[in-house]
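For the sequence shown, position 170 (counting from the first letter as 1) is numbered 173 according to the numbering used here, and the numbering increases by one without interruption. In this text, a Cβ means the ideal position worked out from N, Cα and C, and glycines have one as well. Down below is the structure, laid out as C-alpha cells.
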Amino acid sequence: MILRPHFLPPVLAIIASNGSAHASSPFATHWLVYDPGSNPSLNYTDPASALGRPSRFTGDNAEFLYPSAVTAFNGAFNYDQVLSIGTGGHIILGFGAPVRDDPHHHFGIDILVFGNASFIDADYPSGIVGGIFSEGGVVELSADGIHWVAATGVTPDGAVPTVGYSDLLDPFATERGSIPTNFRLPVDPSVDFTGMNYSQVLDAYNGSGGGTGIDIGAYGLSVVNFIRISNTGPNSIEIDAVSRVSSVPAPGVVAVLGLAGIAVARRRRV
Ligand SMILES: [Ca+2]
Ligand SMILES: [Ca+2]
Ligand SMILES: [Ca+2]
Numbered sequence: 004m005i006l007r008p009h010f011l012p013p014v015l016a017i018i019a020s021n022g023s024a025h026a027s028s029p030f031a032t033h034w035l036v037y038d039p040g041s042n043p044s045l046n047y048t049d050p051a052s053a054l055g056r057p058s059r060f061t062g063d064n065a066e067f068l069y070p071s072a073v074t075a076f077n078g079a080f081n082y083d084q085v086l087s088i089g090t091g092g093h094i095i096l097g098f099g100a101p102v103r104d105d106p107h108h109h110f111g112i113d114i115l116v117f118g119n120a121s122f123i124d125a126d127y128p129s130g131i132v133g134g135i136f137s138e139g140g141v142v143e144l145s146a147d148g149i150h151w152v153a154a155t156g157v158t159p160d161g162a163v164p165t166v167g168y169s170d171l172l173d174p175f176a177t178e179r180g181s182i183p184t185n186f187r188l189p190v191d192p193s194v195d196f197t198g199m200n201y202s203q204v205l206d207a208y209n210g211s212g213g214g215t216g217i218d219i220g221a222y223g224l225s226v227v228n229f230i231r232i233s234n235t236g237p238n239s240i241e242i243d244a245v246s247r248v249s250s251v252p253a254p255g256v257v258a259v260l261g262l263a264g265i266a267v268a269r270r271r272r273v
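Here it is, written out as C-alpha cells:
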C-alpha cells in the first residue's frame with residue numbers, strides 16, 4: 004500500500020507542505036509519498052522515522068533491551084529510528100529550506116543521507132574496519148517534486164556509517180558519549196577506512212556524524228527541495244535521516260569576531 008500524508012496526491016501534498024513550520028530545520032521536515040515495496044523489515048514502516056536528525060543512541064527500549072551508542076560498527080535499529088524500504092519501494096522526503104550547490108560546502112557536498120549501514124569488524128570486538136554492510140539503494144533529486152535527476156553512484160544505505168559521538172573509543176559502547184558529532188559536516192570522501200582501528204576512524208571523521216554525501220552540482224542542479232530514495236535490490240534498505248550540509252564559515256569573518264572556538268563548538272552540537 005502506498006501512503007500519502009492526509010491522503011493527498013503528490014502535487015497537492017507538496018503544495019500543502021510548503022508552509023512548513025520547520026523551515027529552519029537542517030533535516031527532512033516532511034515526507035510526501037511512501038511505498039514500502041514488497042519486503043520491508045517488519046515494524047520499520049513509519050515514514051516519520053526518516054524525518055528529523057539521525058540517531059545517536061539505539062536499542063534503549065523494551066523491544067531490544069540492548070542500549071548502545073550509534074557507532075560506525077553499530078547502526079541504529081529501533082523501530083522508530085529507521086524506515087525500511089523493500090524491493091520496488093521508495094520514499095520522497097522534503098526539506099524545509101532549499102538545498103543549494105553552495106561553493107562553501109565542505110568537500111562540495113550539499114546533502115547527507117544516513118542509512119543504518121555499519122563497518123564489518125575484522126577483529127570483533129576491537130573494531131578494525133574489514134568492509135561495510137552495504138544494502139544499496141537509489142537516490143534521485145528534484146527542485147519541484149516533478150522532474151527528477153538520478154544521483155548516480157550514491158549509495159544511501161551503505162557508504163559512510165553514522166557516528167553519534169566523537170569521544171567514544173569503544174565501537175560497541177553501551178553508554179552515551181559527551182561530544183555529539185555534527186550531522187551537517189561531511190566525511191572527507193577521499194578517505195579509505197579499510198584496516199583502520201576505531202580511533203583512526205574517529206580521527207578521519209573529524210567531528211562528522213557520517214552520512215553518504217551528495218554534491219548536487221555534480222548532477223547539474225543548483226537547488227534541491229526533494230529527495231527520492233528507492234530500492235531496486237533484493238533486500239530491504241533502511242533510512243534514518245537526510246540533512247542539508249552547513250557552509251564552512253569564511254575564516255576572515257570568524258577571526259574578526261573572535262568567535263572561532265565558539266563557532267566550532269556550536270557546529271559540533273548540531
Ligand atoms: Ca555542491
Ligand atoms: Ca540497512
Ligand atoms: Ca530517523
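Rounding to the nearest angstrom, what Cα-Cα distance links residue i and residue j in this structure?
i	j	result
Leu144	Gly220	11 Å
Ile5	Ser58	26 Å
Asp49	Asn200	35 Å
Asp170	His150	42 Å
Ala31	Pro70	26 Å
Gly212	Ser41	31 Å
Ala24	Ala53	Caution is warranted here: a pLDDT of 48 is assigned to Ala24, below 50, making its placement in the model unreliable, and no coordinate value can be reported.
Gly167	Gly148	31 Å
Gly133	Ile123	5 Å
Leu115	Thr215	5 Å
Arg103	Trp34	20 Å
Pro43	Gly89	4 Å
Asn234	Ser129	32 Å
Ser27	Gly99	6 Å
Val204	Phe60	18 Å
Ile240	Gly111	26 Å
Arg247	Ala65	32 Å
Val190	Pro183	15 Å
Ile217	Leu188	12 Å
Going by DSSP, which residues form a beta bridge with residue i?
i	result
Leu86	Ile242
Tyr168	Pro183
Phe98	Ala31
Ala72	Phe60
Gly216	Leu115
Glu143	Ala153, Arg231
Asp160	Gly139
Assuming the contact rule is C-beta atoms closer than 8 Å, residue i and residue j should be a hit. Round their C-beta distance to whole Å, please.
i	j	result
Val226	Ala146	5 Å
Gly140	Pro164	14 Å between Cβ atoms; not a contact.
Pro174	Phe76	4 Å
Tyr127	Leu86	The pair is not a contact, with the Cβ atoms about 28 Å apart (cut-off 8 Å).
Tyr208	Ala154	Wrong, their Cβ atoms sit about 22 Å apart, outside the cutoff.
Gly118	Asp243	6 Å
Leu96	Phe229	7 Å
Ile232	Val142	6 Å
His93	Val251	About 32 Å; that fails the 8 Å criterion.
Gly62	Ala120	About 17 Å separates the two Cβ atoms, so there is no contact after all.
For the beta strand (DSSP E) holding residue i, just list the boundary residues, first then last.
i	result
Asp38	31-38
Ala124	According to the sequence displayed, residue 124 carries Asp and not Ala. Its beta strand (DSSP E) spans residues 122-124.
Leu6	Premise fails: Leu6 is in no beta strand (DSSP E) and is neither H nor E.
Leu115	114-117
Val132	132-135
By the DSSP assignment, the alpha helix (DSSP H) with residue i in it spans what residues?
i	result
Ser41	It is not in any alpha helix (DSSP H) - Ser41 carries neither H nor E in the DSSP assignment.
Asp206	201-208
What residues does ligand 2 have around it, judged by CB closer than 6 Å to any heavy atom, in chain order?
-> Result (chain order): Gly118, Asn119, Ala120, Glu138, Asp160, Ile240, Glu241.
Closer than 5 Å to ligand 1: residues, by C-beta to nearest heavy atom, in chain order | Proximity annotation: ligand 1 has residues Asp104, Gly111, Asp113, Asp218, Gly220 in chain order, each selected because its CB is closer than 5 Å to a heavy atom of the ligand.
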